[in-house]
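Okay, structure first, notes after.
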Amino acid sequence: MELYIWHSIYLVCAITSLIGLTVLCIDRHGKGTGNLPSQLEWFHVAGCVLFIGASLLQHHSMILLAKLRTGQSGKVESLAHRVPVGGWFELVSCPHYFAELLIYISLGLVFGGLSLTWWLVVFYVSFNQALAAQLCHELYTSRFKSYPKHRKAFIPFLL
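Sequential numbering from 25 applies to the sequence shown in this note's numbering.
Okay, structure coming up:
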């Protein structure tokens, strides 16, 4: 429960910071400053919604991974690898990596999509996470003969 509270506080602070740093600092249409709602664009809202969804996906995926090694008491009982199940693990081997990419994309939306530097960072993160996911997927498929064949490594239904 304590982790959930901290995660909720993190989400509120992160979104407040994102909106404050982007909406209040950029005058995209030369309208001057105004109150916060009048400055919001559709991509700020879409970016915030994607950020919340991706953060929750990542958090849920990490909880499912942690449960593979912990018992009822919450203490680590095993260091053995097991096949993750539930949530987005039914679609991909590494939903937490996919969620990380979505978080970076959401920040690009909140920033207005104008920063080439940021999109280069997103490009790097996508390759980095895709490679890590592919290596993890290959480990699962080689170690567990009953590993689901329909699961992709990184992006549902694609990769």
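All C-beta atoms in this analysis are idealised placements derived from N, C-alpha and C, irrespective of residue type, glycine included.
Looking at the unbroken alpha helix (DSSP H) that takes in residue i, where does it start and where does it end?
i	result
Tyr171	Unbroken run through Tyr171: none, as it is neither H nor E.
His120	119-134
For residue i, which residues from the same chain have a beta carbon less than 8 Å from its beta carbon, with the 5 sequence-adjacent residues on both sides left out?
i	result
Phe122	Leu81, Trp112, Val116, Gln153, Ala157, Phe178, Ile179, Pro180
Val149	Glu124, Leu125, Tyr128
Thr165	Tyr171
Lys99	none
Can you pull the DSSP bridge partners for residue i?
i	result
Val100	Thr94
Val116	Lys176
Near residue i, what residues of its chain come up, given a Cβ to Cβ distance below 6 Å and the 5 sequence neighbours on each side ignored?
i	result
Gly110	Leu88
Arg106	Leu92
So residue i packs on residue j, CB below 8 Å; how close in whole Å?
i	j	result
Ile127	Ala78	5 Å
Ser85	Arg93	With a Cβ gap of about 14 Å, Ser85 and Arg93 do not count as contacting.
Gly137	Phe67	6 Å
Is any heavy atom in the ligand FAD found nearer than 7 Å to the beta carbon of residue i?
i	result
Asn152	This structure lacks the ligand FAD; in fact it carries no ligand of any kind.
Got a sec? Which residues, its chain only, sit under 7 Å from residue i by beta carbon, not counting five neighbours each side?
i	result
Pro199	Since the first residue of the chain shown is 25 and the last is 183, residue 199 is not available in this structure.
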